[in-house]
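Colleague: Questions regarding the structure given below will be posed in turn.
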Amino acid sequence: MRLPLLALLARGPAHGYELKQDLELLLGAAYPQPNVGQIYVTLGRLEKSGLIEGEDVEQSSRPNKKVYHLTEAGREALRVWFEETEDEPRVRDDFFMKLAVAPQTGLADQIALINRQRRQYLNTMRNLSKLAAAESRDNRIAQLLIEGAMLHLQADLDWLERCQEELEELE
Amino acid sequence: MTEGRPPVLRAEGLVKTHHGEGAPARAVRGVDLSVAPGEFVAITGPSGAGKSTLLHLLGGLQRPDEGSIWLDGRCTDAFGEARWAVERRKSIGIVFQFFNLVSNLSVADNVELPALLAGVPPKQARAEREALLAELGLEGKERSMPGELSGGEQQRVALARALVNHPPLLLADEPAGSLDSKGTREVMRLLSRFHGRGQSIVLVTHDARLASAADRVISFFDGRIADDAPLDGTVPSRRAGISGVLELRD
Chain A
1467 MRLPLLALLA RGPAHGYELK QDLELLLGAA YPQPNVGQIY VTLGRLEKSG LIEGEDVEQS
1527 SRPNKKVYHL TEAGREALRV WFEETEDEPR VRDDFFMKLA VAPQTGLADQ IALINRQRRQ
1587 YLNTMRNLSK LAAAESRDNR IAQLLIEGAM LHLQADLDWL ERCQEELEEL E
Chain B
8 MTEGRPPVLR AEGLVKTHHG EGAPARAVRG VDLSVAPGEF VAITGPSGAG KSTLLHLLGG
68 LQRPDEGSIW LDGRCTDAFG EARWAVERRK SIGIVFQFFN LVSNLSVADN VELPALLAGV
128 PPKQARAERE ALLAELGLEG KERSMPGELS GGEQQRVALA RALVNHPPLL LADEPAGSLD
188 SKGTREVMRL LSRFHGRGQS IVLVTHDARL ASAADRVISF FDGRIADDAP LDGTVPSRRA
248 GISGVLELRD
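Here the protein sequences come in this chain order: A and B.
Read in our numbering, the first sequence has 1633 at position 167, and its numbers run on one by one without any break.
Read in our numbering, the second sequence has 212 at position 205, and its numbers run on one by one without any break.
This is the structure in structure tokens:
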């Protein structure tokens, strides 16, 4: 959450609740919404590390609100962030270990493991489809996020299929 | 809704072996299957698993070596070629990966032809065609030839043709197999919509996105049903599922 919040502040100063609304607008319902408490905690940490600075602004009928702006150090942190590439997604490590060790335990059947895992992926795929249908077509970023999740899941399902093909031959 | 009604489709002990060059290929090796009225069943599996052969058996496009098929409770064992052709006109609609439209007939004629062949009066066939094409967003394309349309549009025409006689069962063999991802979404949306109105559907696909629109997913491996899973969207609550997939990590 740290760097996305920094990035939103690169445009100009904002307070915590505005940032929450900006995130929601940008990412749509697809993204599990951070609660406003989380955002304030993160902003506090960012301020402590000198990446942003807060300024109290008086409000007539309500408590003061804090408006944050990006510092030069914060801007530099963002540059570094954009410069770096991200790690590749991992094969589901725990499931892979289950599959690898199952035969030695006599406690689980590999094909049954694959079938059960596939059921879960397919149900999640169904939920993603519903989410995509519910999200506005015009929110490209949100649609791309959902599509990305679906393509990853499709790859996981393809891999399960390969596991099943290979392991069934041994039976 | 389905109480007291026979399955729209039932199969028992289906076996089909292809004899070509080389060793015989056992494409379908003992399949039992039942599809309730209004149900949407997807069959997925690797290519070469025999899922298309299975669909062809279910639509009478190929005959099984062993086993029986019932349509709406009617046993098809004694059906000949002509009788199956009638069934495919009236009680089974089929869409294929490559659309299989008649290339020298207009869009309108492609859709009306099965209705006319089924004895529907021309006026009514035309009305049905107009309603379906409008529903599928193909107004203004009536006079076009299939070759002038995009893949996604051709598949929508094929869908209209398959549904013009209101068959109780729709069979779809990789209907998005030659479409881009926009076309795939479109097919998915339309299948879901017709399903929502009570259309029974059996869909063969290797695309999990498409399969996830179904009520049930059958995993087909090596000619057999490896798993038959209802999809109700429930995933173990432990955190996973959708938010686990979508979470953007710090």
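The C-beta atom is built at its ideal place from N, Cα and C for all residues, glycine as well.
Take the Cβ of A:R1584 as the centre, count every other Cβ of all protein chains shown within 10 Å, and call the residue buried at 16 or more, exposed below.
Modeller: buried
Colleague: Report the neighbours of A:M1591 on chain B: residues whose CB is nearer than 8 Å to its CB, in chain order.
Modeller: A215, R216, A218, S219
Colleague: Using 10 angstroms around the beta-carbon of A:M1563, count the other beta-carbons present and answer buried if the total reaches 16, otherwise exposed.
Modeller: exposed
Colleague: Just the Cα atoms here: how many angstroms apart are B:A85 and B:A92?
Modeller: If you draw a straight line from the Cα of B:A85 to the Cα of B:A92, it comes to about 13 Å.
Colleague: According to the neighbour-count rule (16 or more other Cβ atoms, all chains shown, within 10 Å of its Cβ), is A:A1580 buried or exposed?
Modeller: Sequence inspection shows Ile at residue 1580 of chain A; the Ala mentioned does not correspond to that position. Flag for A:I1580 reads buried.
Colleague: What residue range does the beta strand (DSSP E) around A:G1520 cover?
Modeller: 1518-1523
Colleague: Only counting runs of 3 or more residues, tell me where the beta strand (DSSP E) segments fall wholly within the segment 1487-1551 of chain A, in order along the chain.
Modeller: 1518-1523, 1531-1536
Colleague: Looking at the C-beta of B:L238, does it have a partner C-beta in chain A at a distance below 7 Å?
Modeller: yes
Colleague: Can you tell me whether B:T24 is helix, strand or coil according to DSSP?
Modeller: strand
Colleague: Drop a sphere of 10 angstroms on the beta-carbon of A:T1571, count the other beta-carbons inside from all chains shown, and report buried for 16 or more, exposed for fewer.
Modeller: exposed
Colleague: Please report the straight-line C-alpha distance between B:L255 and A:E1490, rounded to a whole angstrom.
Modeller: Note that B:L255 scores a pLDDT of 49, beneath 50, so its modelled location is shaky; the value from the coordinates is reported in the next line. For B:L255 and A:E1490, the distance between alpha carbons rounds to 13 Å.
Colleague: Hey, could you find the ends of the alpha helix (DSSP H) B:L120 is sitting in?
Modeller: 114-124
Colleague: Where B:P121 and B:T60 are concerned, what is the direct C-alpha to C-alpha distance, given to the nearest angstrom?
Modeller: Between B:P121 and B:T60, the C-alpha separation is close to 24 Å.
Colleague: By the three-class DSSP mapping on this structure, what secondary structure does B:L65 have?
Modeller: helix
Colleague: May I ask which residues mark the beginning and end of the alpha helix (DSSP H) holding B:E137?
Modeller: Note, B:E137: alpha helix (DSSP H), 129-142.
Colleague: Are the CB atoms of B:G52 and B:I99 nearer to each other than 7 Å?
Modeller: no
Colleague: Taking the straight line between their C-alpha atoms, what separation do you get for A:P1529 and A:G1478?
Modeller: One C-alpha to the other measures close to 22 Å.
Colleague: Can you list, in chain order, the stretches of the alpha helix (DSSP H) that have 4 or more residues and sit fully within the segment 1572-1622 of chain A?
Modeller: 1576-1600
Colleague: Thinking C-beta only, is B:I232 closer than 7 Å to B:F47?
Modeller: no
Colleague: Could you tell me which uninterrupted beta strand (DSSP E) segments, each at least 3 residues in length, are contained entirely in the segment 199-223 of chain B, listed from first to last along the chain?
Modeller: 207-211
Colleague: Measure the CB-CB distance between A:L1517 and A:G1540 and report whether it falls below 7 Å.
Modeller: yes
Colleague: Cβ closer than 9 Å: which chain B residues qualify as neighbours of A:M1616?
Modeller: Those are A215, R216, S219, V252, listed as they occur along chain B.
Colleague: Return yes when the Cβ of B:L64 is within less than 7 Å of the Cβ of B:L21, no when it is not.
Modeller: yes
Colleague: Just checking: is the beta-carbon of B:F228 within a distance shorter than 7 Å of some beta-carbon in chain C?
Modeller: Any reference to chain C falls outside this structure, whose protein chains are A and B.
Colleague: With DSSP as the reference, label B:T241 as helix, strand or coil.
Modeller: Reduced to three states, the DSSP call for B:T241 is coil.
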